[in-house]
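As you go down the protein sequences, you meet chains A and B in turn. Just so we're aligned: the first sequence equals residues 190 to 650 in this note's numbering. Just so we're aligned: the second sequence equals residues 7 to 331 in this note's numbering. Built from N, CA and C at the ideal position, the CB exists for glycine as well. None of the values given here were measured: they were computed from a predicted structure. Notes to accompany the following structure.
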Amino acid sequence: MSERKIPWIIKYRPKRVDDVIGQDEAKKTIISWLTEWAKGRIPYKKALLLYGPPGVGKTSLVEAIARELNFDILELNASDYRRKSDIRRIVGTAATKKPLLKKGLIILLDEVDGIDPRADEGGLEALVDVIKNTINPIIMTANDPWKEQFRVLRELCELVDFKELTENQIIALLQKICDSEKIYCEREALRWIASRSMGDARAAINDLQAVAEGYGKVTIGLVRAIVRGREKTINIWRTLNEIFYANQAWAAKKAVTQSEEDYESLIRWLNDNIPKKYSDPLDLFRAYDALARATVMLSRAKISGEWGLLSYVFDLMGPGVSLARRSEEILKTRYGFPDWIRLMAQLKPMREEREKLAEHLSYRILASKSTIMNEVIPYMMLIFRNPSDPVIAARLALGYNLSKDMIKYLAGDNTENVIRALEKIKRARPEEVGKETKREPEKREARKEKSSKGLDYFIKS
Amino acid sequence: MSSIAEILWVEKYRPRTLDDIVNQREVVERLKLFVKEKNMPHLLFAGPPGTGKTTAAHALAHDLYGETYRHYMLELNASDERGINVIREKVKEFARSRAPENVPFKIVLLDESDNMTSDAQQALRRLMELYTVSTRFILVANYPSKIIDPIQSRCAFFRFTALKKEDIVGRLRYIIENEGVRYEDEALDAIYEISEGDMRKAINILQAAASLGMVTVESVFKVVGMARPREVREMIRLALSGDFTGSRNMLRKLMIEYGLSGEDVVKQIHREIFSQELKIPEELRVLIADYLGEIHFRLVEGSDEDIQLAALLAWLALLGKRSQM
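Rendered as structure tokens:
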């Protein structure tokens, strides 16, 4: 049933040259160079080497220009053409054939710096040969073209510089996507994503989609919790490694105190990654026991304001977790992102609904919210979740004038049934809709008196 | 025309007046005297849950003030109010509100008052003295020993006892007749046994069982089992079998599905580990309870619930492994 989600980096890939953000110099250079080809002339340099950081639009721009100038495109990734024989066979063949329908054929070699001069021996030389003999335009992309091994290649190409995108450019792009997806977003949140992306639009869009699809909105709180700079992820993995693999207390403590990650989120990371590294039940318990006591210390530090206690928090979360391991084995499982923030986002509305329901019932049931939550709601749930008789639940929903959300909380998977039964009752007995059922008729008089209380009060005084 | 809307039977069959209350006879007789004299001291109602303390307070107020009694009674719940200052403000405001016509005082009903810290109780005592001319306090508590002496000495003490079998079963029969419930006799005995003299629980079980069809011993036990999320037992079982990650996923699912707090989960586990349906070596129950109590305290103290409960599950996994050897 669930529709397949298209990654936004594909959905919002620029279609036209104007859609590509910035890079005006590069646009000009590429267009005039290709226009030469289109006119049947062969430019001085037969290949372009587009270079710049990832996610700034190198490949998208070539695709957009090809579309607008009516060129065909043969797009190859480094993995497709890295070997000498592949380059001769695929690229070489294409480079010497005239296309029949379109103005020309662009051979686009993505990530040319992925060719390893040792592992893919002869690959670069083969490429140089192909460029010398091509009758079609060849465009290559690279992040870093300044390595020595690319020297010969560089001399054959016109170099086209792609600039890192500015924060504001990325924010504007993200804003456009949010608008078109009709997703609520906070400016601050977009700024956060943009600054973490380090000029990489692809990364920023991916981050945006992760938050937007997970939570339906993009707020600074969510983004802070979920989006981290690429650098930071590597840092946290390093810190975790230093903790899990440390054999001495000082090393583990140093890992904690020198981590760039703040201790609260480090605790979250440890919390979800201990079982990924420790498998022996004794190790696992000792590690969680230490971490649990770290959080006890932390809450004491917070409550008392004695921040000197923080040192013990570090002791327990670093060396405590590290030295919990008695067995030699450390699992190879990859680290995972902490889950708890996502879970809390789901948990909070459920808790609030439960509270609201208890509050709603407490005037009638004459018990505290906690008594109602623990002694009354479980039985109501049972009635509401009984699929074979939704009418009883619907009658109770009517009797207590329960909101849809309350019904949903009580009925879970059975919600549809109960709502349907309720609608049916409401159609059949419209006179009972909207008023809470009172036990006895005299209660209604009580209500009347209450409403006239104000006037009464003045007459008496 | 009878209403199609339904309400919970605990509300529907709650005694409204002191005459309606058939048990707790001594208590009721003394309370009736207060109604007759239209005067009373502060009261302290103590006894186990579901024995009619709150109901008696409402019935007393009803008999004193009539149908509109809730205008003249401030209903507070110590567990729900945020601190003594909030209570003080509410009492202050209430004391200023309109007085009843024929009775010289209004009532402040403070439920679950034994949940207050002793400092808060000291403040409460001053409050009781301050407004003693215009108001009377009824304090309701499960454990009177948790009420400080200066308050106890200012209150007339009423002890509510767990309801007897004939009281509970009698009430259940009355409801059954009124509601046209199909049932078998043994089921009522079963409900009484499970309720341990708690009328609220007994009636809730009856209503839930009736919603499933005929009330039988089997359906009663089914209801009681279902009222505790089955995920709790499953989570414990997984942990004891050594599947820490599985049990932790179950824990998180449980919390999200029912919106439970960490403390709720601890209480559920506690109930579960002493239930005979959980087949584990007896000494394990104590070892679990010991750590559970520690975790419970930490949660009350405000430390992170997800991590504390993870530690608990890791403890279960370790115990499970040891008991296999």
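Look at the alpha carbon of residue i and the alpha carbon of residue j, and state the distance between them as a whole number of angstroms.
i	j	result
A:Tyr434	A:Val245	38 Å
A:Ile279	A:Ile296	10 Å
B:Pro235	B:Leu260	8 Å
A:Leu363	A:Tyr552	48 Å
A:Leu313	A:Gly388	29 Å
A:Arg202	A:Arg272	30 Å
A:Ile254	A:Gly509	58 Å
A:Asp350	A:Gln212	8 Å
B:Ala320	B:Arg328	12 Å
B:Lys57	B:Glu202	The sequence shown places Thr at residue 57 of chain B, not Lys. Spanning the two alpha carbons is a distance of roughly 10 Å.
A:Ala483	B:Tyr71	56 Å
A:Gly303	A:Ser249	19 Å
A:Pro464	B:Asn210	41 Å
A:Arg380	A:Lys406	15 Å
B:Thr60	B:Thr74	17 Å
B:Lys98	B:Val139	13 Å
B:Ile27	B:Arg188	26 Å
B:Asn83	A:Asn563	16 Å
B:Thr222	B:Met232	15 Å
A:Glu629	A:Glu541	Any reading at A:Glu629 is ruled out, since the residue's pLDDT is 49, under 50, leaving its predicted position unreliable.
B:Met122	B:Ser85	8 Å
A:Ala600	B:Ile301	31 Å
A:Asp309	A:Asp528	41 Å
9 Å is my cut-off, CB to CB: does residue i come that close to chain A?
i	result
B:Glu185	no
B:Arg131	no
B:Gly203	no
B:Ser281	no
B:Asn210	yes
B:Pro287	no
B:Lys273	yes
B:Val229	yes
B:Glu199	no
B:Glu12	yes
B:Thr60	yes
B:Ile313	yes
B:Met332	Past the edges of chain B, shown from 7 to 331, lies residue 332 of chain B, and the structure says nothing about it.
B:Val16	yes
B:Pro54	no
B:Glu237	no
Could you tell me whether the Cβ of residue i comes closer than 9 Å to any Cβ of chain B?
i	result
A:Asp368	no
A:Asp578	yes
A:Asn563	yes
A:Met570	yes
A:Asn575	yes
A:Glu492	The question names Glu, but residue 492 of chain A is Ile in the sequence shown. Cβ-Cβ to chain B under 9 Å: yes for A:Ile492.
A:Pro242	no
A:Ala617	yes
A:Glu629	In this prediction, A:Glu629 has a pLDDT of 49, which is less than 50 and means its spatial position is unreliable; nothing more can be read from the coordinates.
A:Tyr589	yes
In the DSSP output, which residue or residues are listed as bridge partners for residue i?
i	result
A:Ala390	Bridge partners of A:Ala390: none, in fact.
B:Thr141	B:Lys112
A:Glu353	Its beta-bridge partners do not exist; DSSP assigns none.
B:Asn83	B:Asp117
B:Ile286	B:Ile286 pairs with nothing; no bridge assigned.
A:Arg330	Reading the sequence as shown, one finds Thr at residue 330 of chain A and not Arg. A:Leu239, per the DSSP bridge assignment.
B:Phe280	Answer by DSSP bridge pairing: none, since B:Phe280 is not bridged.
Taking 8 Å as the cut-off, does the CB of residue i come closer than this to any heavy atom belonging to the ligand PLP?
i	result
A:Phe260	Among the ligands in the structure shown, none appear at all, so the ligand PLP cannot be discussed.
When you check each C-beta in the stretch 249-271 of chain B against every C-beta of chain A, which residues fall closer than 9 Å?
Of all residues in the stretch 249-271 of chain B, the ones placed with a Cβ closer than 9 Å to any Cβ belonging to chain A are Phe250, Thr251, Arg254, Arg258, Met261, Ile262, Glu263, Tyr264, Gly265, Leu266, Ser267, Asp270, in chain order.
Decide if the stretch 217-234 of chain B is in contact with the stretch 571-581 of chain A; the criterion is three or more beta carbon pairs, one per stretch, under 8 Å apart.
Segment contact: the stretch 217-234 of chain B against the stretch 571-581 of chain A, three or more CB-CB distances shorter than 8 Å; contact assigned.
Residues of the stretch 467-480 of chain A whose Cβ lies closer than 7 Å to any Cβ of chain B, in chain order
Pro470, Leu471, Leu473, Phe474, Tyr477, Asp478, Leu480
Three CB pairs or more closer than 8 Å across the stretch 542-549 of chain A and the stretch 482-498 of chain A
no
Short-range partners of chain B found in the stretch 387-406 of chain A, where Cβ spacing is below 9 Å
none
Name the residues in the stretch 534-555 of chain A whose C-beta lies less than 7 Å from a C-beta of chain B; which are they?
Gln535, Leu536, Met539, Arg540, Glu542, Arg543, Arg553, Ile554, Leu555
Taking beta-carbon pairs under 7 Å, can you tell me which members of the stretch 435-451 of chain A lie near chain B?
none
Would you call the stretch 224-231 of chain A in contact with the stretch 366-378 of chain A, where contact means no fewer than 3 C-beta pairs closer than 8 Å?
no
Can you give me, in chain order, the residues of the stretch 135-152 of chain B that have a beta carbon less than 7 Å from any beta carbon in chain A?
Close to chain A, meaning a Cβ-Cβ distance shorter than 7 Å, is no residue of the stretch 135-152 of chain B at all.
So, do the stretch 471-480 of chain A and the stretch 507-526 of chain A have three or more beta carbon pairs nearer to each other than 8 Å?
yes
Select from the stretch 300-328 of chain B all residues with a C-beta closer than 7 Å to any C-beta belonging to chain A, and list them in chain order.
Within the stretch 300-328 of chain B, contact with chain A at the beta-carbon level (separation under 7 Å) is assigned to Arg304, Glu307, Gly308, Ser309, Asp310, Asp312, Ile313, Gln314, Ala316, Ala317, Ala320, Trp321, Ala323, Leu324, Lys327.
Spell out a yes or no on whether the stretch 446-460 of chain A and the stretch 278-297 of chain B are touching, meaning 3 or more CB-CB pairs, one atom from each, closer than 8 Å.
no
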